[in-house]
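Each residue of the sequence shown is one higher than the one before, starting from 13 at the first, in our numbering.
Each residue gets a CB set at the ideal place from its N, CA and C atoms; glycine is no exception.
Encoded as structure tokens, the structure appears first; notes follow it.
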Amino acid sequence: MEQSRKIIQEEIKALKEKIQTLESQLEKAPSPEKEKKIKEGIKEFIRQTQLTPSYSPPITQTDEVEEVEALEDKSQQIGALIKLALEKGVVYATNIARQLKNPAILDEFHDTLVDRYYKILKEKGIIKD
């Protein structure tokens, strides 16, 4: 559990740095344009996690893939993946999503995760209006 927190804190720190760079570039941009660019930055960060080399997943990860696959509809699967991302980190949840071998789920997971992280970063004061 402590390691999961550390991973998430590291991810948030990396996102914070990326967003600060974007915000300085977009200082005078209108608010909707700024939000769009920041969300694009978050999405790029999430896509970078997919570049992590594949490896043989541990048994618990395989179990979680099976649990997510067993959920009845796509929205439940996305919800489970978001929960994993918030509990165990983006890289971990992205690995689970990739193992589902469903591009539609992976794409929707990315979009939902971008919105969720945007909201979290805004609540933490990392993103300012």
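When secondary structure is reduced to three states using DSSP, N107 falls in the helix class. Ranked by Cα distance from L112, the first of H122, E78 and G101 is E78.
Under the criterion of beta carbons closer than 8 angstroms, I19 and Y130 do not qualify as touching, at roughly 19 angstroms.
Around the C-beta of T106, 16 or more other C-beta atoms lie within 10 Å, and the residue is accordingly described as buried. Per DSSP, the continuous alpha helix (DSSP H) segment holding G91 begins and ends at K86 to K100.
Contact between L125 and I94 holds: their C-beta atoms lie close to 6 angstroms from each other, under 8 angstroms. Secondary structure note for K28: its alpha helix (DSSP H) is the uninterrupted segment E14 to Q37. Across the structure, R128 and I50 are spaced so that their CA atoms are roughly 13 angstroms apart. C-alpha of I139 to C-alpha of L98: approximately 18 angstroms in a straight line. Shown here, K136 sits in coil according to DSSP, grouped into three states, outside any helix or strand.
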